[in-house]
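J.: Starting off with a structure, shown below.
Number of protein chains: 4
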Amino acid sequence: MKKKDLTHSQLIDAAFLLFAEHGIDKTSLAMIAKEVGISKPSIYYHFSSKEELIERIFDFVFSDYRFEHDFDLAEFNADNFREKLLAGGWAMLAVDKENQRVVLKVLNEFILSALRDEKYRERLIAMQQNYLDGFHRLLVKGAEWGVVPPVNLEAKAHMLALVFDNITSYLLLGLELKYQAIWQTAVDSIFIKEAN
Amino acid sequence: MKKKDLTHSQLIDAAFLLFAEHGIDKTSLAMIAKEVGISKPSIYYHFSSKEELIERIFDFVFSDYRFEHDFDLAEFNADNFREKLLAGGWAMLAVDKENQRVVLKVLNEFILSALRDEKYRERLIAMQQNYLDGFHRLLVKGAEWGVVPPVNLEAKAHMLALVFDNITSYLLLGLELKYQAIWQTAVDSIFIKEAN
Amino acid sequence: MKKKDLTHSQLIDAAFLLFAEHGIDKTSLAMIAKEVGISKPSIYYHFSSKEELIERIFDFVFSDYRFEHDFDLAEFNADNFREKLLAGGWAMLAVDKENQRVVLKVLNEFILSALRDEKYRERLIAMQQNYLDGFHRLLVKGAEWGVVPPVNLEAKAHMLALVFDNITSYLLLGLELKYQAIWQTAVDSIFIKEAN
Amino acid sequence: MKKKDLTHSQLIDAAFLLFAEHGIDKTSLAMIAKEVGISKPSIYYHFSSKEELIERIFDFVFSDYRFEHDFDLAEFNADNFREKLLAGGWAMLAVDKENQRVVLKVLNEFILSALRDEKYRERLIAMQQNYLDGFHRLLVKGAEWGVVPPVNLEAKAHMLALVFDNITSYLLLGLELKYQAIWQTAVDSIFIKEAN
DNA sequence: GATGAATGAGATTTCATTCAT
DNA sequence: AATGAATGAAATCTCATTCAT
């Protein structure tokens, strides 16, 4: 790796961790520079402003956050459908907690930013939509395969997305719930033939 | 009301709105003072520091945010159980959107704060717990009344809480989903006799 | 004088002198604050920005710079016309040199600013126009009184203005010319009945 | 031209234009480098510091600014004396305005510098002196040829120089005066046999 | 009950300059 | 002949806070 690229990625890493620890607003360029061991103005050789650095962190965080990472449609079939769906949710519970907290903290920072800045809102919504659509596609497949009752698929999918998404938030806050059972309850409700 | 109390509540109101608009960090005491029409140092007569003002806003916001506001157990009975449960969720969709956004924005600010400051974490968790427990109590009642299958009640309750809570987040970001149907799907899943 | 007004005028004075000595760009707020003996941010209590301070200095300099100060039409009459005209120009040569240099240096700073900033251009042009018009009015009076040949008055007036104005510039640079004779030559040319 | 010389003169050109547009202080080496399409440190191969570059621009500007360019004594004779004198002044009014403005802006920058830096003062004074002396020599010749009354030649010459010089300043600021008539008035005053 | 005046700490950013390559 | 990477110094400006009045 060239020197420039090295420093560049050190800056991304340091900023990322500091954003998680102190929040974006309370992380100054001085703190980042100190962490990396370069001078404050040197940051400007790599990023034209703090704002640009923030955007690069945004890219960095969100590139990792895709439905397909958690649920790979290609691996699903009629036989393993329920299992896979359960496993996809449970996987997030088994992950390295510390690392997850860090990612989620920064993600939350950006959700707040998104409430005020169009630039972030669009991308954040695109990410949420990616999960909403992902679950929908999955259930449609499940219906095609005859394992999911073919009614009300969109609402079911979105309910799953909301539960899945919010489990991460509650984890982040340190609420200790029986997430496995909750996710299972949500997943199971999908397969019920509505009798009401 | 005494003058002191008047100014006090004007400060709370102004700070609350400004926190929603610009975020806590980016709202300066100068902005708040200007909004209320007093001088900056005068704020210190009412609050010993910005931090204390923030805490009072926290109280102000969270005093309004209780499960019992949304779902009043006293009004539930065996006959209206499903209806009331549906209505409690839908009510949040019918509320004055602008006002709701403001409250939710500030609430989100505090969720972020809670990730870094023990002081806020405890109270925020207490609030989330209030909803988690509230739904649980409700379903236990429902089971007693024979309208909810008496299995897996806790997980069902928490799933409802997660869906309920996250609907507000998605609303806030401006995602346009069929929330009524989603909530109905979640609610209906509660009544199913698990046959799998 | 109130404390605020005192500091305010100390700031104006200090900034004015420092602008003359180092130029506007090279005079930092730190230098000004140090000169007055207050802290850097205190300046912002009195002026909202460096730009505003500059504008106030501009006002301060230009309020002193009016044709009527140098040539008071009310004092002119047919008998003393030439004498008064001469004296008005010569007065500027007799003035306290050091003080004059300071004023002129800052004035020159603003001329440069005026080349780039509409805001200053207009006001500077108004000032030059004040002299151009002043000389014109004077010569018109002179013509009415029969002491100035009533031809070509505008060009004559403007020529006087140019000479008068530029004498200050040359003085400022330290060029040692026989300014008295130059001014006299210019003034005398006004009275000639053109015979060519 | 060698590559070195090429880049050198590109730097001079670019710096010159940028100085005119933004002023010396507000023109950074980064801006100049960008304009020429080289890297910032490369400037240091050609000039040892920004200060040296400024001095070279000074040379560049002032080499063009000589009395002999405007009034070539060799072309004057008794018959065409007045005409030539008029034409020399009018020429400056006919010149390409945009180009003239650029030169004059930079020149003005240096006048300001000259007020603070001995190094520039001497050379600037030399230039002004060149015009003052030039007009004087011209009038002396005119007197020898019998076309200019042989009295008060120095003051007349200097008055012409002041008018000539200041016309450029007023042009630069965008003041719209009848400069032709003004210059003619000044020139004509030279030929008058003083009768007062 | 409130303010006028001020401040220390610190934020982002710009700039001329350096030096190994 | 030029550059990539970095820096020290300093600029403007903001902010929470203080304290005599």
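Chains as they are written, first to last, in my numbering: chain A, 1 to 196; chain B, 197 to 392; chain C, 393 to 588; chain D, 589 to 784.
Just so you know, even glycine gets a beta-carbon here, dropped at the ideal spot from N, CA and C.
Note that the structure is predicted; figures quoted are calculated from it, not measured.
For Ser113 (chain A), collect the residues of the same chain with a Cβ closer than 6 Å to its Cβ; drop the 5 residues on either side in sequence, then sort them by chain order.
T.: Residue numbering aside, residue 113 (chain A) sits at position 113 when the first sequence is read from its first letter. Once the five neighbours on either side are set aside, the close Cβ partners of Ser113 (chain A) are Tyr120.
J.: With 8 Å as the limit, tell me which residues of the region 687-705 of chain D have their beta carbon closer than that to any beta carbon of chain C; keep them in chain order.
T.: Those residues of the region 687-705 of chain D that come within reach of chain C (Cβ to Cβ, closer than 8 Å) are Lys693, Asn696, Glu697, Ile699, Leu700, Ala702, Leu703 and Arg704.
J.: Hey, does Tyr457 (chain C) have any beta-carbon neighbour from chain D nearer than 9 Å?
T.: Residue numbering aside, residue 457 (chain C) sits at position 65 when the third sequence is read from its first letter. Not an interface residue.
J.: Checking 9 Å against the spacing of the C-beta atoms, do Lys301 (chain B) and Leu368 (chain B) come in under that value?
T.: As a first step, residue 301 (chain B) is located in the second sequence; it is residue number 105 there, counting from the start. As a first step, residue 368 (chain B) is located in the second sequence; it is residue number 172 there, counting from the start. Taking 9 Å as the Cβ cut-off, Lys301 (chain B) and Leu368 (chain B) qualify as a contacting pair.
J.: What are the uninterrupted segments assigned as beta strand (DSSP E) that are 3 or more residues long and contained completely in the region 593-681 of chain D, given in chain order?
T.: DSSP runs (the beta strand (DSSP E)) wholly in the region 593-681 of chain D: none.
J.: Could you tell me whether the Cβ of Glu536 (chain C) comes closer than 9 Å to any Cβ of chain D?
T.: Position 144 of the third sequence, counted from the start, is the residue given in the question as residue 536 (chain C). No, no contact with chain D.
J.: Closest Cβ-Cβ distance between Ser441 (chain C) and chain D: below 9 Å?
T.: Counting from one through the third sequence, the residue named residue 441 (chain C) turns up at place 49. False, the Cβ-Cβ gap to chain D never drops below 9 Å.
J.: Do you know offhand how far Arg123 (chain A)'s Cα is from Asp684 (chain D)'s?
T.: For this step, residue 123 (chain A) is matched to residue 123 along the first sequence. For this step, residue 684 (chain D) is matched to residue 96 along the fourth sequence. Taking the straight line from one Cα to the other gives about 53 Å.
J.: At 7 Å on the CB atoms, spell out the chain C contacts of Met747 (chain D), in chain order.
T.: Taking the fourth sequence and counting its residues from 1, the one referred to as residue 747 (chain D) is at position 159. Neighbours of Met747 (chain D) on chain C, chain order: Val555, Ile574, Thr577 and Ala578.
J.: Report the neighbours of Ala351 (chain B) on chain A: residues whose CB is nearer than 8 Å to its CB, in chain order.
T.: As a working mapping, residue 351 (chain B) is identified with position 155 in the second sequence. Within 8 Å Cβ-Cβ: Lys178, Ala181, Ile182, Gln184 and Thr185.
J.: Run through DSSP, which three-state label would Asp384 (chain B) get?
T.: The residue given as residue 384 (chain B) occupies position 188 in the second sequence. Helix at Asp384 (chain B).
J.: Glu118 (chain A) lies in the alpha helix (DSSP H); which residues open and close that run?
T.: The residue you call residue 118 (chain A) lines up with position 118 of the first sequence. Unbroken alpha helix (DSSP H) run through Glu118 (chain A): Glu118 to Glu144.
J.: At 9 Å on the CB atoms, spell out the chain A contacts of Lys236 (chain B), in chain order.
T.: Counted from its first residue, the second sequence places residue 236 (chain B) at position 40. None at all; the shortest Cβ gap to chain A is about 20 Å.
J.: Using only CA atoms, which one of A:Glu176, A:Pro41, A:Leu17 and A:Ala91 lies nearest to Phe164 (chain A)?
T.: Counted from its first residue, the first sequence places residue 164 (chain A) at position 164. It is A:Ala91 whose Cα lies nearest to the Cα of Phe164 (chain A).
J.: Are the CB atoms of Phe254 (chain B) and Phe306 (chain B) within a distance shorter than 9 Å?
T.: By one-based count along the second sequence, residue 306 (chain B) stands at place 110. By one-based count along the second sequence, residue 254 (chain B) stands at place 58. In this structure, Phe254 (chain B) lies closer than 9 Å to Phe306 (chain B) by Cβ.
J.: Please list, in chain order, the residues of the region 10-28 of chain A that have any C-beta partner in chain B closer than 8 Å.
T.: Cβ contacts with chain B: Glu21, His22, Gly23, Asp25 and Lys26.
J.: Along the chain, where does the alpha helix (DSSP H) that runs through Glu176 (chain A) open and close?
T.: Within the first sequence, residue 176 (chain A) is the residue found at index 176, counting from 1. No alpha helix (DSSP H) contains Glu176 (chain A), which DSSP labels as neither H nor E.
J.: Could you tell me the distance, in whole angstroms, from the CA atom of Ser441 (chain C) to the CA atom of Leu17 (chain A)?
T.: Here residue 441 (chain C) refers to the residue found at position 49 when the third sequence is read from its first residue. Here residue 17 (chain A) refers to the residue found at position 17 when the first sequence is read from its first residue. Roughly 36 Å between the two C-alpha positions.
J.: Quick one: give me the first and last residue of the alpha helix (DSSP H) that Val302 (chain B) is part of.
T.: Position 106 of the second sequence, counted from the start, is the residue given in the question as residue 302 (chain B). Val302 (chain B) -> alpha helix (DSSP H) spans Lys293 to Ala310.
J.: Can you list, in chain order, the residues of its chain with a C-beta nearer than 8 Å to that of Lys193 (chain A)? Leave out the 5 residues immediately preceding and following it.
T.: Numbered from its first residue, the first sequence carries residue 193 (chain A) at position 193. So the list reads Pro149, once near-sequence residues are dropped.
J.: May I ask you to verify whether the region 574-583 of chain C touches the region 469-482 of chain C, counting CB pairs closer than 8 Å and requiring at least 3?
T.: Segments in contact, yes.
J.: Consult DSSP for Ala391 (chain B) and reduce its assignment to one of helix, strand or coil.
T.: Locating residue 391 (chain B) in the second sequence gives position 195, where the first residue counts as 1. Annotation note: pLDDT 48 at Ala391 (chain B) (below 50); position unreliable, coordinate value reported separately. It is coil, neither helix nor strand.
J.: Is it right to say Asn754 (chain D) is buried, meaning 16 or more other beta carbons lie within 10 angstroms of its own, or is it exposed?
T.: Looking up residue 754 (chain D) in the fourth sequence gives position 166. It counts as buried.
J.: Anyone know if the C-beta pair for Phe664 (chain D) and Gly762 (chain D) falls short of 9 Å?
T.: The count along the fourth sequence starts at 1 and reaches residue 664 (chain D) at position 76. The count along the fourth sequence starts at 1 and reaches residue 762 (chain D) at position 174. The answer is no: Cβ separation not under 9 Å.
J.: Does the beta-carbon distance from Leu207 (chain B) to Ile239 (chain B) come in below 9 Å?
T.: In the second sequence, residue 207 (chain B) corresponds to position 11, counting from 1. In the second sequence, residue 239 (chain B) corresponds to position 43, counting from 1. Result yes, Cβ atoms of Leu207 (chain B) and Ile239 (chain B) sit closer than 9 Å.
J.: Does any CB atom of chain B fall closer than 9 Å to the CB of Ile192 (chain A)?
T.: Residue mapping note: residue 192 (chain A) aligns to position 192 of the first sequence, counting from 1. Closer than 9 Å: yes.
J.: In whole angstroms, what is the alpha-carbon distance linking Ile182 (chain A) and Leu86 (chain A)?
T.: One-based indexing of the first sequence puts residue 182 (chain A) at position 182. One-based indexing of the first sequence puts residue 86 (chain A) at position 86. Each residue's Cα considered, the two are about 10 Å apart.
J.: So, does the CB of Ile250 (chain B) fall closer than 9 Å to a CB anywhere in chain A?
T.: On the second sequence, residue 250 (chain B) is found 54 positions in, with the first residue counted as 1. False, the Cβ-Cβ gap to chain A never drops below 9 Å.
J.: Report yes if the C-beta distance between Lys374 (chain B) and Ala155 (chain A) is below 9 Å; otherwise report no.
T.: On the second sequence, residue 374 (chain B) is found 178 positions in, with the first residue counted as 1. On the first sequence, residue 155 (chain A) is found 155 positions in, with the first residue counted as 1. Closer than 9 Å, so yes.
J.: Kindly list, in the order they appear in chain B, the residues whose Cβ is closer than 8 Å to that of Leu124 (chain A).
T.: As a working mapping, residue 124 (chain A) is identified with position 124 in the first sequence. Leu369, listed in chain order.
J.: For Ala549 (chain C), which residues of its own chain have a beta-carbon under 6 Å away from its beta-carbon, when the five flanking residues on both sides are left out?
T.: Counting from one through the third sequence, the residue named residue 549 (chain C) turns up at place 157. So the list reads Phe527, His528 and Leu531, once near-sequence residues are dropped.
J.: Candidates A:His22, A:Phe19 and A:Gly89: which alpha carbon is nearest Gln184 (chain A)'s?
T.: Counting from one through the first sequence, the residue named residue 184 (chain A) turns up at place 184. Selected option, being the one with the closest Cα: A:Gly89.
J.: Have a look at B:Ile220, B:Ala211 and B:Leu349 and flag the residue whose alpha-carbon is nearest the alpha-carbon of Gly233 (chain B).
T.: Taking the second sequence and counting its residues from 1, one reaches residue 233 (chain B) at position 37. The candidate whose alpha carbon is nearest that of Gly233 (chain B) is B:Ala211.
J.: Report the residues of the region 660-671 of chain D with a CB closer than 7 Å to any CB of chain C, ordered along the chain.
T.: Within the region 660-671 of chain D, no residue has a Cβ that lies closer than 7 Å to any Cβ of chain C.
J.: Run down chain C in chain order and give the residues with a C-beta less than 7 Å from the C-beta of Arg725 (chain D).
T.: Looking up residue 725 (chain D) in the fourth sequence gives position 137. None at all; the shortest Cβ gap to chain C is about 16 Å.
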